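**Q**
2 protein chains.
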Amino acid sequence: MQVRGKGFYSLTPVNEALENLLSGLRVIGEEEVLLEEALGRVLAHDVVAERDNPPFDRAAMDGFAVRGENTFGASQANPIYFRIIGEVLTGQSFNGEVREFEAVRITTGAPLPRGADAVVMLEHVNELGGEIEVIKAVPPGKNVSLRGEDYKKGEVLLKRGRVLNPQEIAILASLGLRRVKVFRRPRVGIISTGDEIKEPGEDLKEGQVYDTNSFALAALCSATGAETSRLGVVRDEYKAMKHAIEAGLNYDVLLISGATSVGKRDVVPEIVRELGEVVVHGVAMRPGEPTGFGYIGDTLVFMLPGYPVASIVAFETFVRPALQVMQGLKPAMPYPAIKARLRRKIPSELGRRDFVRVRVERSEEGFEVEPIRTSGSGIVSSLVRADGFVIVPENTEGIEKGEVVEVGLFRSLDE
Amino acid sequence: MQVRGKGFYSLTPVNEALENLLSGLRVIGEEEVLLEEALGRVLAHDVVAERDNPPFDRAAMDGFAVRGENTFGASQANPIYFRIIGEVLTGQSFNGEVREFEAVRITTGAPLPRGADAVVMLEHVNELGGEIEVIKAVPPGKNVSLRGEDYKKGEVLLKRGRVLNPQEIAILASLGLRRVKVFRRPRVGIISTGDEIKEPGEDLKEGQVYDTNSFALAALCSATGAETSRLGVVRDEYKAMKHAIEAGLNYDVLLISGATSVGKRDVVPEIVRELGEVVVHGVAMRPGEPTGFGYIGDTLVFMLPGYPVASIVAFETFVRPALQVMQGLKPAMPYPAIKARLRRKIPSELGRRDFVRVRVERSEEGFEVEPIRTSGSGIVSSLVRADGFVIVPENTEGIEKGEVVEVGLFRSLDE
Chain Y
11 MQVRGKGFYS
21 LTPVNEALEN
31 LLSGLRVIGE
41 EEVLLEEALG
51 RVLAHDVVAE
61 RDNPPFDRAA
71 MDGFAVRGEN
81 TFGASQANPI
91 YFRIIGEVLT
101 GQSFNGEVRE
111 FEAVRITTGA
121 PLPRGADAVV
131 MLEHVNELGG
141 EIEVIKAVPP
151 GKNVSLRGED
161 YKKGEVLLKR
171 GRVLNPQEIA
181 ILASLGLRRV
191 KVFRRPRVGI
201 ISTGDEIKEP
211 GEDLKEGQVY
221 DTNSFALAAL
231 CSATGAETSR
241 LGVVRDEYKA
251 MKHAIEAGLN
261 YDVLLISGAT
271 SVGKRDVVPE
281 IVRELGEVVV
291 HGVAMRPGEP
301 TGFGYIGDTL
311 VFMLPGYPVA
321 SIVAFETFVR
331 PALQVMQGLK
341 PAMPYPAIKA
351 RLRRKIPSEL
361 GRRDFVRVRV
371 ERSEEGFEVE
381 PIRTSGSGIV
391 SSLVRADGFV
401 IVPENTEGIE
411 KGEVVEVGLF
421 RSLDE
Chain U
11 MQVRGKGFYS
21 LTPVNEALEN
31 LLSGLRVIGE
41 EEVLLEEALG
51 RVLAHDVVAE
61 RDNPPFDRAA
71 MDGFAVRGEN
81 TFGASQANPI
91 YFRIIGEVLT
101 GQSFNGEVRE
111 FEAVRITTGA
121 PLPRGADAVV
131 MLEHVNELGG
141 EIEVIKAVPP
151 GKNVSLRGED
161 YKKGEVLLKR
171 GRVLNPQEIA
181 ILASLGLRRV
191 KVFRRPRVGI
201 ISTGDEIKEP
211 GEDLKEGQVY
221 DTNSFALAAL
231 CSATGAETSR
241 LGVVRDEYKA
251 MKHAIEAGLN
261 YDVLLISGAT
271 SVGKRDVVPE
281 IVRELGEVVV
291 HGVAMRPGEP
301 TGFGYIGDTL
311 VFMLPGYPVA
321 SIVAFETFVR
331 PALQVMQGLK
341 PAMPYPAIKA
351 RLRRKIPSEL
361 GRRDFVRVRV
371 ERSEEGFEVE
381 PIRTSGSGIV
391 SSLVRADGFV
401 IVPENTEGIE
411 KGEVVEVGLF
421 RSLDE
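One line per chain: the protein sequences are Y and U, in this order.
Just so you know, we're using this note's numbering here: the first sequence kicks off at 11 and counts up by one.
Just so you know, we're using this note's numbering here: the second sequence kicks off at 11 and counts up by one.
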């Protein structure tokens with residue numbers, strides 16, 4: 011299919027393109043990382059307890075370990091007396107047995123001495139030289155953490171695919187694990203294209219603009235857990251571009267923004283087709299129509315629009331879910347959703363998915379949403395003026411004023 | 011106030027402790043970072059546009075630059091003819107002027123030649139040697155991005171305090187900024203205490219358990235944007251602990267978990283009082299009652315409970331908001347909230363705030379929530395069995411079965 015200079019023959023619906031993309035993807039590998047580096051990673055195997063936790067019955071309070079039934083009937087008026095036969099501190103163990111009406115001084119976390127089955131709190135004890143008065147009864151088991159009460163040997167504590175948040179890190183530490191096997195992060199190479207594109211920090215000549223896409227895409231990739239390298243700005247020229255793409259094939263994923271549409275200088279799709287396979291090129295969405303993807307060897311190559319806003323929308327729609335699946339995550343948008351009433355009609359076209367940047371304001375009845383008027387997807391400032399976005403689905407010609415829509419929020423409305 | 015071994019004289023309400031804490035905090039400093047490292051950071055100054063964007067009128071489509079009014083009346087049946095006087099490619103500029111019925115071939119992003127005010131798309135043009143037939147009229151301004159249409163020189167694009175998400179990174183890049191000034195991340199040192207606590211990976215003797223707190227706290231700090239160092243496990247012993255605390259005073263924040271309550275071996279509050287000031291010790295919350303904080307010199311010292319669950323709850327309640335304020339963020343929990351119906355009564359005490367771990371299940375009417383039965387805050391597994399938590403506020407003795415509560419979710423319910 012030769013489309014350069016002639017417009018797209020046909021556009022693939024977003025869902026069809028996405029299913030096509032994700033059905034070809036799986037986790038890309040495993041690696042072992044230190045527990046300190048495991049935050050946010052995805053577990054590559056089930057974690058089974060190798061021992062009970064706690065590994066022994068232990069005191070849950072500072073106090074005295076006793077036989078609980080010996081305290082029955084104890085009160086302020088009728089204290090019961092116990093002989094102190096020793097002490098066990100946290101981290102130690104007691105070499106003896108607690109018999110009837112004997113007590114061992116114990117600190118929180120210390121192993122319960124043999125024979126004892128409860129701990130009387132310090133507050134309910136008066137110490138009198140070698141013995142104590144207990145002024146409150148404690149049933150057996152009171153103020154004691156039983157061995158295995160947290161988890162038992164052999165128990166599956168975390169399943170493969172679990173995201174390692176701080177809670178999961180805590181349980182892995184409690185198991186004594188120093189390292190953990192997780193899915194590998196996708197390595198992403200990012201190429202910006204365009205003869206007019208310069209690196210931030212350089213001087214601009216007339217007709218030139220700064221590279222924004224590779225920075226925005228790198229940030230989006232990092233926020234999705236990928237390892238990212240900016241591979242620089244490449245000219246819209248066949249040889250230079252082919253060389254850059256070939257040099258990027260050691261990455262799991264290659265993002266190329268610009269030179270991906272159907273103009274004369276849009277050399278990328280042709281090169282991808284030559285070196286590998288273009289699976290989808292041209293998607294029924296706005297912005298982002300020139301989006302496509304394919305494979306060169308094992309490298310998944312995304313062709314993203316050159317306009318910054320379109321490029322970000324294409325990332326959100328296709329690249330993010332792909333990166334998530336490749337590291338064992340469920341595809342999901344990171345933007346919290348709220349409901350809001352539309353202040354102005356959003357026109358759209360049947361068969362096309364539109365991503366509309368919006369401002370959100372609080373009103374007396376809840377939230378109201380105002381589409382941002384812009385003349386195109388080159389308007390970077392619309393992204394930071396917007397509080398979020400509304401998706402107009404394919405099966406409608408737009409959304410009427412007054413309707414309630416779902417808004418994905420770029421940031422907290424309190425900021 | 012000497013409380014060791016005697017229980018807390020009084021407990022400070024959570025809100026009072028938190029206001030006390032936050033009112034003493036401000037951003038801790040600024041630093042300049044590379045744009046690639048700015049994701050998630052907080053802007054320390056207003057960002058003002060130093061030039062217009064786009065910096066010149068430019069083509070928004072591939073086509074021919076013309077005077078729009080010359081195309082009026084053009085149609086398939088009545089094409090209008092234009093003489094091609096040259097070409098301007100993206101990144102270049104055109105050294106001449108477009109006069110009546112003249113056209114310059116132009117690519118998307120290239121500067122509009124002087125004299126032209128519109129671009130006819132390739133699709134609406136037939137090329138005939140040195141001239142073109144235009145078959146559709148374009149009004150002036152059509153397919154053109156005007157200079158300054160994105161933003162104008164002098165415009166405040168991002169305000170101090172703005173969180174730098176990918177969209178903000180994009181606009182900073184478009185401004186040509188290579189570095190950006192952001193608030194410094196708090197540096198946090200983390201000490202675990204306990205004679206029974208061993209590093210994961212070591213062998214356990216009887217009576218010993220693995221350090222979970224410092225790993226969980228380090229993960230929580232990282233997820234909050236702090237720079238974190240685990241300073242190891244310290245014995246519950248006055249001299250060792252004092253030495254460890256003194257060695258940790260080069261951090262902005264010191265987290266000490268364990269040895270912070272009122273037992274005989276709870277040496278931390280006394281040492282903090284000796285070296286500096288204890289502001290709050292003992293908070294009316296469960297779990298987490300032994301929580302406290304104070305200052306030694308400029309270092310904010312948190313005394314956190316030794317039990318893992320209590321330590322995490324104390325982090326969420328006090329440490330997270332403090333770390334957020336110190337780097338210029340609004341205090342906020344990272345857990346999305348849902349409403350759910352309570353399946354079982356949650357008892358509580360008037361005047362105390364309870365954090366109750368819960369499981370969430372979908373029912374026909376929405377979500378239902380089941381408190382997890384545990385015997386205490388040493389039960390690490392309860393954190394990974396829980397889907398989230400319910401807060402029982404101070405002004406109630408509990409929440410009745412059937413009531414609708416707000417649940418903070420630890421993770422997506424789809425996982």
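Where a beta carbon is used, it is the ideal one built from N, C-alpha and C, also for glycine.
This one's a predicted model, so the numbers in the text were calculated from it and none came from an experiment.
Please report the straight-line C-alpha distance between Arg362/Y and Val290/Y, rounded to a whole angstrom.
**A** As a first step, residue 362/Y must be located in the first sequence, where it is residue number 352. As a first step, residue 290/Y must be located in the first sequence, where it is residue number 280. The alpha-carbon atoms of Arg362/Y and Val290/Y are separated by roughly 16 Å.
**Q** Residue range of the beta strand (DSSP E) that Phe365/Y falls in?
**A** As a first step, residue 365/Y is located in the first sequence; it is residue number 355 there, counting from the start. Segment Arg363 to Ser373, the beta strand (DSSP E) holding Phe365/Y.
**Q** Going by DSSP, which residues form a beta bridge with Glu42/U?
**A** Here residue 42/U is taken as the residue at index 32 of the second sequence, counted from 1. Answer by DSSP bridge pairing, in chain order: Lys191/U.
**Q** Does the CB of Glu416/U have a neighbour CB from chain Y at under 7 Å?
**A** Here residue 416/U is taken as the residue at index 406 of the second sequence, counted from 1. With 7 Å as the cut-off, Glu416/U does not count as an interface residue toward chain Y.
**Q** Verify whether the separation of the beta carbon atoms of Val417/U and Val400/U is less than 7 Å.
**A** If you number the second sequence from 1, residue 417/U lands on position 407. If you number the second sequence from 1, residue 400/U lands on position 390. It is a contact, given that the beta carbons lie within the stated cut-off.
**Q** Can you list, in chain order, the residues of its chain with a C-beta nearer than 6 Å to that of Asn153/Y? Leave out the 5 residues immediately preceding and following it.
**A** Reading the first sequence from its first residue, position 143 is the one you call residue 153/Y. Only Ala70, Met71 and Val129 meet the Cβ criterion.
**Q** Can you tell me the Cα-Cα spacing of Cys231/U and Glu410/Y, whole angstroms?
**A** The residue you call residue 231/U lines up with position 221 of the second sequence. The residue you call residue 410/Y lines up with position 400 of the first sequence. Taking the straight line from one Cα to the other gives about 45 Å.
**Q** Using a 10 Å radius around the Cβ and a threshold of 16 neighbouring Cβ atoms, would you call Arg51/U buried or exposed?
**A** Counting from one through the second sequence, the residue named residue 51/U turns up at place 41. Burial call: buried.
**Q** Have a look at Pro64/U, Gly34/U, Arg353/U and Gly408/U and flag the residue whose alpha-carbon is nearest the alpha-carbon of Gly119/U.
**A** Your numbering for residue 119/U matches position 109 in the second sequence. Looking at the Cα atoms, Pro64/U is the closest of the given residues.
**Q** Enumerated in chain order, which unbroken segments of the alpha helix (DSSP H) with a length of 4 residues or greater are wholly contained in the region 251–314 of chain U?
**A** DSSP runs (the alpha helix (DSSP H)) wholly in the region 251–314 of chain U: 278–285.
**Q** Below 7 Å between beta carbons is the criterion; list the residues of the region 88–116 of chain U that meet it against any residue of chain Y, in chain order.
**A** Here the close residues are Leu99, Thr100, Gly101, Gln102 and Ser103.
**Q** Cα separation between Gly15/U and Gly316/U?
**A** For this step, residue 15/U is matched to residue 5 along the second sequence. For this step, residue 316/U is matched to residue 306 along the second sequence. In this prediction, Gly15/U scores a pLDDT of 47, lower than 50, which makes its location untrustworthy; the coordinate-derived value is nonetheless stated afterwards. If I take the Cα positions, the gap works out to 16 Å.
**Q** Taking 7 Å as the cut-off, decide whether the C-beta atoms of Val414/Y and Phe365/Y are in contact.
**A** Walking along the first sequence from the start, residue 414/Y turns up at place 404. Walking along the first sequence from the start, residue 365/Y turns up at place 355. Result no, Cβ atoms of Val414/Y and Phe365/Y do not sit closer than 7 Å.
**Q** For Asp205/U, I'd like the list of residues in its chain whose CB is within less than 7 Å of its CB, leaving aside the five on either flank, ordered along the chain.
**A** Position 195 of the second sequence holds residue 205/U. Arg245 and Asp246.
**Q** For Lys219/U, go through chain Y and note every residue whose CB falls closer than 8 Å to its CB, in chain order.
**A** Residue numbering aside, residue 219/U sits at position 209 when the second sequence is read from its first letter. The identity of residue 219/U in the sequence shown is Val, whereas the question assumes Lys. By Cβ distance, chain Y contributes Asn63, Pro64, Pro65, Gly119 and Ser184.
**Q** For Glu159/U, count neighbouring C-beta atoms within 10 Å of its own C-beta (all shown protein chains included) and say buried if the count is 16 or more, exposed if not.
**A** Indexing the second sequence from 1 puts residue 159/U at position 149. Counting Cβ neighbours within 10 Å, Glu159/U comes out buried, since at least 16 surround it.
**Q** With burial defined as no fewer than 16 other Cβ atoms inside 10 Å of the residue's Cβ, what is the status of Val428/Y: buried or exposed?
**A** Missing from the structure shown is residue 428/Y; chain Y here goes from 11 to 425 and no further.
**Q** Considering only the alpha carbon of each residue, which of Asn80/U, Ala228/U, Glu107/U and Met131/U lies closest to Lys274/Y?
**A** As a first step, residue 274/Y is located in the first sequence; it is residue number 264 there, counting from the start. When each option's Cα is compared against that of Lys274/Y, the closest is Met131/U.
**Q** Quick one: is Glu47/Y near chain U, going by C-beta distance under 7 Å?
**A** Mapped onto the first sequence, residue 47/Y falls at position 37. Closer than 7 Å: no.
**Q** Counting pairs of beta carbons, one from the region 29–41 of chain U and one from the region 332–343 of chain U, are three or more of them closer than 8 Å?
**A** These segments touch.
**Q** According to DSSP, what are the bridge partners of Gly376/U?
**A** Here the question's residue 376/U lines up with position 366 in the second sequence. In the DSSP output, where bridge partners are listed per residue, Gly376/U has Ser373/U.
**Q** Taking only beta-carbon positions, decide if Ile348/U is within less than 7 Å of chain Y.
**A** Residue numbering aside, residue 348/U sits at position 338 when the second sequence is read from its first letter. No, because no Cβ of chain Y sits closer than 7 Å to the Cβ of Ile348/U.
**Q** Where does the unbroken beta strand (DSSP E) through Ser239/U begin, and where does it stop?
**A** Numbered from 1 along the second sequence, position 229 holds the residue referred to as residue 239/U. Ser239/U -> beta strand (DSSP E) spans Glu237 to Val244.
**Q** If you pair each beta-carbon of the region 219–236 of chain Y with each one of the region 258–267 of chain Y, do three or more pairs fall below 8 Å?
**A** Yes, they touch.
**Q** When the Cα atoms are used, what is the spatial distance from Arg369/Y to Arg354/Y?
**A** Mapped onto the first sequence, residue 369/Y falls at position 359. Mapped onto the first sequence, residue 354/Y falls at position 344. Answer to the nearest angstrom: the Cα atoms are 12 Å apart.
**Q** Where do the N-terminal and C-terminal ends of the beta strand (DSSP E) with Met343/U fall, by residue?
**A** Residue 343/U sits at position 333 when you count from the first residue of the second sequence. That residue, Met343/U, is in no beta strand (DSSP E); it is neither H nor E in DSSP.
**Q** With C-beta atoms as the reference, is Ile200/U less than 7 Å away from Ser224/U?
**A** Counted from its first residue, the second sequence places residue 200/U at position 190. Counted from its first residue, the second sequence places residue 224/U at position 214. Going by C-beta atoms, Ile200/U is nearer than 7 Å to Ser224/U.
**Q** Terminal residues of the continuous beta strand (DSSP E) containing Ile116/Y?
**A** Reading the first sequence from its first residue, position 106 is the one you call residue 116/Y. First-last of the beta strand (DSSP E) with Ile116/Y: Glu112 to Ile116.
**Q** Can you list, in chain order, the residues of its chain whose CB lies under 8 Å from that of Ala257/Y, leaving out five sequence neighbours each side?
**A** As a working mapping, residue 257/Y is identified with position 247 in the first sequence. If we look at Ala257/Y and ignore the five residues flanking it on each side, its Cβ neighbours are Leu241.
**Q** For the alpha helix (DSSP H) that Met336/U lies in, which residues bound it at each end?
**A** Locating residue 336/U in the second sequence gives position 326, counting from the first residue. Arg330 to Met336 is the extent of the alpha helix (DSSP H) around Met336/U.
**Q** Below 7 Å between beta carbons: does that hold for Leu53/Y and Leu168/Y?
**A** Here residue 53/Y is taken as the residue at index 43 of the first sequence, counted from 1. Here residue 168/Y is taken as the residue at index 158 of the first sequence, counted from 1. It is a contact, given that the beta carbons lie within the stated cut-off.
**Q** Beta-carbon within less than 8 Å of Ile90/U's beta-carbon, same chain only, minus the 5 sequence neighbours each way: which residues are those?
**A** Here residue 90/U refers to the residue found at position 80 of the second sequence. Excluding residues within five positions, the ones whose Cβ falls inside 8 Å are Asn80, Thr81, Gly83, Ala84, Phe111, Glu143 and Val144.
**Q** Below 7 Å between beta carbons is the criterion; list the residues of the region 205–236 of chain U that meet it against any residue of chain Y, in chain order.
**A** Listed in sequence order: Asp205, Glu206, Pro210, Gly211, Leu214, Glu216, Gly217, Gln218, Val219, Tyr220, Asp221, Thr222, Phe225, Ala226, Ala228, Ala229, Leu230, Ser232 and Ala233.
**Q** Against chain U, which members of the region 390–419 of chain Y pass a CB distance test of less than 7 Å?
**A** From the region 390–419 of chain Y, only Val390, Ser391, Leu393 and Val394 have a Cβ closer than 7 Å to chain U.
**Q** Chain Y partners of Ser267/U, CB-CB under 9 Å?
**A** The residue given as residue 267/U occupies position 257 in the second sequence. Under the 9 Å cutoff, chain Y gives no residues; its nearest Cβ is about 11 Å from Ser267/U.
**Q** Taking the C-alpha atoms as reference points, what is the distance between Asp213/U and Gly171/Y?
**A** By one-based count along the second sequence, residue 213/U stands at place 203. By one-based count along the first sequence, residue 171/Y stands at place 161. If I take the Cα positions, the gap works out to 28 Å.
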